[in-house]
Amino acid sequence: MSDPAPFASPSVSLARLFWVFFVMGATSLGGGVVGYLRTGLVVRNRWVDDVTFVELLSISQTLPGLNATNMSILVGDRLRGGWGAIVATLGMCLPGATLMIGAAYAYGIGGDDPWSKAFLHGIAAGALGLIVVVMVQLGAKVLKSLADYLFVLATAAAVAGFGVQVPYALIVAGIVAIWWHRPRDRTPK
Amino acid sequence: MKQLGDLAGVFAYLSLLTVGGGMAAFPELKTLTVDVHHWVTFPQLLHYYSLGQLAPGPNMMMVASIGTVVAGLPGAAVALVAFFLPTGVLTWGIGRLWTHMQTWRWRPAIQTGLGSVSVGLVLAGAVIMAKGAVVDALHAAIAAVVFLLLLKTKVNPAYPIVASGLIGILAYWLAGIG
Chain A
167 MSDPAPFASP SVSLARLFWV FFVMGATSLG GGVVGYLRTG LVVRNRWVDD VTFVELLSIS
227 QTLPGLNATN MSILVGDRLR GGWGAIVATL GMCLPGATLM IGAAYAYGIG GDDPWSKAFL
287 HGIAAGALGL IVVVMVQLGA KVLKSLADYL FVLATAAAVA GFGVQVPYAL IVAGIVAIWW
347 HRPRDRTPK
Chain B
80 MKQLGDLAGV FAYLSLLTVG GGMAAFPELK TLTVDVHHWV TFPQLLHYYS LGQLAPGPNM
140 MMVASIGTVV AGLPGAAVAL VAFFLPTGVL TWGIGRLWTH MQTWRWRPAI QTGLGSVSVG
200 LVLAGAVIMA KGAVVDALHA AIAAVVFLLL LKTKVNPAYP IVASGLIGIL AYWLAGIG
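Structure below.
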């Protein structure tokens with residue numbers, strides 16, 4: 167396999183890189199940013215092939231950080247090195263960030279209005295439905311044995327039921343779960 | 080200045096917890112922004128989080144809203160940089176090492192193990208979010224319908240979420256009249 171060195175892929179200008187990520191950052195309404203990324207990077211611009219895309223996505227999902235920004239960093243780095251990573255991430259974040267800053271000012275003006283509150287309570291309930299779907303889809307991909315489901319329940323109960331801080335839950339449950347799935351080919355038992 | 084420092088500390092810390100997505104950090108996000116620093120109330124946090132799901136791009140751009148509430152535009156900039164820089168550097172570094180780790184025996188164990196833990200963290204976040212978002216039977220029904228709709232169809236999530244808001248307004252109007 168080739169090293170993921172900068173400039174390994176077709177030469178792309180930083181301005182073009184910024185623009186393509188900016189467009190994805192501005193149009194990926196309603197989540198599902200991975201789908202937009204694949205269309206923009208694999209189908210339209212052919213900057214990465216499907217195999218590389220899936221590989222980079224699996225890195226993005228394993229490491230902390232959001233999939234959208236992790237993918238921007240990994241693809242930007244492959245195309246134009248460190249500057250490419252920075253430019254791609256900025257393009258991806260700028261539209262949403264601008265909107266959410268605007269939302270904060272608008273909220274300061276009209277957020278206490280009962281009509282706004284009724285709307286916002288409504289979308290909070292809708293967003294909860296979205297979160298649970300995302301969780302179910304993530305779970306369908308990664309949960310394979312009864313033990314995996316137990317890790318899910320134990321982690322959730324510790325954090326939401328007993329108020330255990332997330333880092334402790336993450337470290338303890340993470341170590342136990344990784345140990346459970348440890349490579350066993352050389353240690354038959 | 081102290082507030083900018085607090086924002087930087089809180090969001091840099093939160094960013095490291097986003098294993099498996101932004102929702103994994105939600106329990107700590109609630110504790111720190113609502114209970115510890117009193118930057119927003121729990122309903123306000125839910126509102127910003129939900130608006131953030133509607134915004135294009137990465138689904139946690141609501142950190143910019145919290146930054147704005149606390150310290151205006153500088154606050155937004157600090158919150159964004161703090162939230163994306165630490166994990167960004169980590170991803171950048173690991174991304175370059177990754178091909179060398181392709182045959183590492185522990186890699187599948189780490190991917191599978193962290194996978195189930197991150198689903199657990201998202202579940203915890205959803206439970207905490209539900210405590211604030213499901214205030215009555217109507218809102219429980221909205222959440223359930225949106226869940227089923229998104230599970231069974233390929234509809235863009237933005238539509239049912241906006242529709243949820245409109246149903247909230249409709250219910251308020253009807254209750255206000257009746």
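Read top to bottom, the protein sequences are chains A and B.
If you want the working numbering, it's the 1-based position in the first sequence plus 166.
If you want the working numbering, it's the 1-based position in the second sequence plus 79.
We treat Cβ as the ideally placed atom computed from N, Cα and C, and that holds for glycine.
Where do the ends of the alpha helix (DSSP H) carrying residue i lie?
i	result
residue 188 (chain B)	186 to 212
residue 238 (chain A)	233 to 276
residue 101 (chain B)	Unbroken run through residue 101 (chain B): none, as it is neither H nor E.
residue 298 (chain A)	280 to 308
residue 227 (chain A)	216 to 228
residue 89 (chain B)	81 to 94
With 7 Å set as the bound, which would you pick, yes or no: does the beta-carbon of residue i sit closer than that to a beta-carbon of chain B?
i	result
residue 344 (chain A)	yes
residue 212 (chain A)	no
residue 205 (chain A)	no
residue 299 (chain A)	yes
residue 292 (chain A)	yes
residue 189 (chain A)	no
residue 182 (chain A)	no
residue 228 (chain A)	yes
Do you know offhand how far residue i's Cα is from residue j's?
i	j	result
residue 95 (chain B)	residue 163 (chain B)	9 Å
residue 245 (chain B)	residue 217 (chain B)	13 Å
residue 217 (chain A)	residue 343 (chain A)	27 Å
residue 244 (chain A)	residue 308 (chain A)	27 Å
residue 323 (chain A)	residue 203 (chain B)	7 Å
residue 199 (chain B)	residue 184 (chain B)	25 Å
residue 201 (chain A)	residue 136 (chain B)	12 Å
residue 192 (chain B)	residue 280 (chain A)	45 Å
residue 297 (chain A)	residue 220 (chain A)	23 Å
residue 201 (chain B)	residue 329 (chain A)	14 Å
residue 158 (chain B)	residue 350 (chain A)	43 Å
residue 252 (chain A)	residue 242 (chain A)	7 Å
My assumption, with CB atoms under 8 Å, is that residue i sits in contact with residue j. Please give the rounded CB distance.
i	j	result
residue 256 (chain A)	residue 184 (chain A)	7 Å
residue 212 (chain B)	residue 133 (chain B)	Wrong, their Cβ atoms sit about 15 Å apart, outside the cutoff.
residue 83 (chain B)	residue 93 (chain B)	With 8 Å as the limit, residue 83 (chain B) and residue 93 (chain B) do not qualify as a contact, their Cβ atoms being about 16 Å apart.
residue 230 (chain A)	residue 120 (chain B)	Contact flag wrong, Cβ pair sits at about 27 Å.
Please classify residue i: does DSSP put it in a helix, a strand, or coil?
i	result
residue 119 (chain B)	coil
residue 168 (chain A)	Note that residue 168 (chain A) scores 43 on pLDDT, short of 50, meaning its location in the model is unreliable; the coordinates nonetheless yield the value given after this. Looking at residue 168 (chain A) - three-state DSSP - the assignment turns out to be coil, as it is neither helix nor strand.
residue 264 (chain B)	Past the boundaries of the shown model lies residue 264 (chain B); chain B is included only from 80 to 257, so the question cannot be answered.
residue 349 (chain A)	coil
residue 129 (chain B)	helix
residue 195 (chain A)	coil
residue 215 (chain B)	coil
residue 210 (chain A)	helix
residue 330 (chain A)	coil
Return no unless some Cβ of chain A is closer than 7 Å to the Cβ of residue i.
i	result
residue 88 (chain B)	no
residue 157 (chain B)	no
residue 257 (chain B)	Any reading at residue 257 (chain B) is ruled out, since the residue's pLDDT is 38, under 50, leaving its predicted position unreliable.
residue 140 (chain B)	yes
residue 208 (chain B)	yes
residue 188 (chain B)	yes
residue 132 (chain B)	yes
residue 102 (chain B)	yes
residue 116 (chain B)	no
Item checked: Residues from the stretch 246 to 266 of chain A in contact with chain D, defined by Cβ distance under 9 Å -> Of the protein chains in this structure, namely A and B, none is chain D.
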